[in-house]
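This is how it looks when you write it as structure tokens:
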């Protein structure tokens with residue numbers, strides 16, 4: 004293939020030089036002017052045609068989507084998704100349209116050239132001038148034609164060669180050859196073919212970059228950038244499928260971060276991904292399905308609350324926050340790998356056993372620190388706090404009966420809250436956790452110590468140091484009971500306690 008590209012380049016230059024030698028100086032200059040006009044016109048016409056091709060695809064896609072209410076509604080609510088089809092089409096066809104437009108316009112300028120030569124009665128010069136000057140002008144014309152040729156040919160060839168080189172996780176064959184071998188023997192040499200590669204580097208690469216770009220959602224997207232972002236994400240995704248989730252380790256963690264890096268690097272993937280995720284999360288929060296897929300049933304009510312917290316975050320994600328949201332989840336998966344949570348999920352038989360492990364292993368504590376460092380994850384942090392507070396409800400029953408049945412315990416917790424205020428008027432969380440833990444132990448309320456720490460964090464958010472100092476114990480008790488009664492979906496735990 005290398006020699007085919009080289010041969011085509013030599014042929015383009017050679018034919019134009021030979022024709023130029025017979026054309027002479029004056030006719031050569033006329034032809035050069037017309038070729039320059041054809042090349043410039045081809046550049047602009049190719050851009051306009053690529054826009055038209057993309058725009059023509061949008062109604063076709065809409066027609067196909069009309070048969071699926073979910074997709075039709077999704078694309079209707081997110082019009083930029085359809086615009087992405089337009090942008091992708093523009094990026095893919097722009098460079099090849101340059102060559103096609105140049106070839107058509109070159110034929111048209113041939114006719115104009117012959118007509119002008121007849122009308123202007125341009126005579127040929129002497130042999131020496133005609134040969135030397137004509138050959139030089141023919142070479143220049145040949146370079147113009149060569150650039151038009153190599154812009155799509157070398158652009159797509161180098162794109163495909165680099166793709167096969169970077170997508171090392173893809174295992175497929177081209178006939179009897181592995182893709183990697185096919186790339187090494189054919190595509191890579193063609194991508195560096197002499198003369199053609201130099202012409203591409205001179206101007207063709209810039210033309211390819213411009214013609215394979217499009218405007219989408221107010222931003223400029225480039226084919227090469229978007230293409231290799233997809234290649235990187237897919238390659239990392241394939242690597243992740245090579246092992247069961249329970250066996251994920253450092254290598255898989257790196258693949259996850261690499262995949263997220265690829266998505267963050269892509270304007271289209273970030274925009275499309277954030278729209279899709281926010282739409283799905285919004286539908287699941289409202290109890291609806293998306294593409295007939297319902298929210299996963301996790302069984303345990305506390306885990307359900309935490310999942311809803313995650314969905315609240317994802318429902319508000321956009322292209323700007325999508326990358327940081329993905330980084331958070333990657334860091335969370337790192338913690339799950341470090342503490343063996345993924346393996347534990349498959350090994351425990353009861354949800355309560357898994358929850359106990361999450362608490363006692365220290366995973367939940369580190370997860371909360373990760374959540375508190377990210378302001379967007381506040382709904383998740385609140386969900387975890389609510390889940391821990393619900394453990395108290397699970398032990399004690401209906402909060403409406405606390406004053407009657409557990410008044411002494413509630414007052415003791417209120418006293419622990421007041422006692423955790425330091426001399427500067429701030430709530431000391433460590434002291435509060437220790438105080439609450441001692442109170443619960445005295446009243447034989449069995450809650451894991453790590454969960455007590457989360458409860459202490461939640462109480463700190465509910466009461467300021469100034470409030471705890473000024474309020475009486477009964478007033479704090481009333482607010483504490485009201486807070487426990489307002490926890491989401493506590494009916495199940497009240498029934499269990501009963």
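In my numbering, the protein residues as written are 4 to 501. Idealized CB from N, CA, C, for every residue including glycine.
Three-state class that DSSP yields for residue i in the structure shown
| i | result |
| --- | --- |
| residue 293 | strand |
| residue 396 | helix |
| residue 129 | coil |
| residue 196 | coil |
| residue 154 | helix |
| residue 217 | strand |
| residue 223 | strand |
| residue 501 | Model confidence at residue 501 stands at a pLDDT of 49, short of 50, so the residue's coordinates are unreliable; what they give is reported in the following sentence. Note: residue 501 maps to coil in three-state DSSP. |
| residue 430 | strand |
| residue 181 | strand |
| residue 486 | helix |
| residue 473 | helix |
| residue 325 | helix |
| residue 414 | helix |
| residue 380 | helix |
| residue 143 | helix |
| residue 466 | coil |
| residue 389 | helix |
| residue 48 | helix |
| residue 450 | coil |
| residue 159 | helix |
| residue 71 | coil |
| residue 81 | coil |
| residue 319 | coil |
| residue 4 | coil |
| residue 189 | helix |
7 Å Cβ cutoff, residue i in contact with chain C
| i | result |
| --- | --- |
| residue 226 | Looking at the structure shown, chain C is missing, and only one protein chain is on hand. |
Distance CB(residue i)-CB(residue j) smaller than 7 Å
| i | j | result |
| --- | --- | --- |
| residue 202 | residue 108 | no |
| residue 191 | residue 164 | yes |
| residue 333 | residue 281 | no |
| residue 244 | residue 194 | no |
| residue 102 | residue 62 | no |
| residue 28 | residue 132 | yes |
| residue 472 | residue 424 | yes |
| residue 308 | residue 402 | no |
| residue 479 | residue 417 | yes |
| residue 338 | residue 369 | yes |
| residue 158 | residue 98 | yes |
| residue 162 | residue 186 | no |
| residue 3 | residue 20 | For the chain, the structure presents residues 4 to 501; residue 3 sits outside this window and is missing. |
| residue 26 | residue 125 | no |
| residue 380 | residue 490 | no |
| residue 15 | residue 141 | no |
| residue 12 | residue 60 | no |
| residue 419 | residue 442 | yes |
| residue 96 | residue 56 | yes |
| residue 468 | residue 422 | no |
| residue 24 | residue 134 | yes |
| residue 94 | residue 261 | no |
Beta-bridge partners of residue i, as assigned by DSSP
| i | result |
| --- | --- |
| residue 166 | Per DSSP, none; premise fails for residue 166. |
| residue 424 | 430 |
task: May I ask you to verify whether the stretch 32-41 touches the stretch 76-91, counting CB pairs closer than 8 Å and requiring at least 3?
output: Touching, no.
message: With three or more C-beta pairs closer than 8 Å as the rule, is the stretch 274-289 touching the stretch 369-377?
response: Not touching, per the Cβ criterion.
field: Segment contact flag, the stretch 147-163 with the stretch 202-211, C-beta cutoff 8 Å, min 3 pairs
entry: Yes, they touch.
Three-pair Cβ contact test at 8 Å for the stretch 430-442 versus the stretch 453-465: The stretch 430-442, when compared against the stretch 453-465, does touch it at the 8 Å Cβ threshold.
- prompt: Can we say the stretch 49-56 touches the stretch 225-237, given the rule of at least three CB pairs closer than 8 Å?
  reply: Taking one beta carbon from each stretch, the stretch 49-56 and the stretch 225-237 have fewer than 3 pairs nearer than 8 Å; the two do not touch.
query: Within the chosen definition, does the stretch 286-298 reach the stretch 320-329 through at least 3 CB pairs nearer than 8 Å?
result: The answer is no - the stretch 320-329 does not touch the stretch 286-298, with fewer than three Cβ pairs under 8 Å.
- request: Ignoring anything shorter than 4 residues or poking outside the stretch 219-284, list the alpha helix (DSSP H) runs there in chain order.
  value: As far as the stretch 219-284 is concerned, its whole alpha helix (DSSP H) runs of at least 4 residues are 226-243, 253-268.
task: Would you check if the stretch 218-228 and the stretch 104-121 touch, i.e. whether three or more CB-CB distances between them fall below 8 Å?
output: When Cβ pairs closer than 8 Å are counted between the two stretches, the stretch 104-121 is seen not to touch the stretch 218-228, the count staying below three.
- prompt: Between the stretch 66-80 and the stretch 260-267, are three or more C-beta pairs nearer than 8 Å?
  reply: No, the stretch 66-80 is not in contact with the stretch 260-267.
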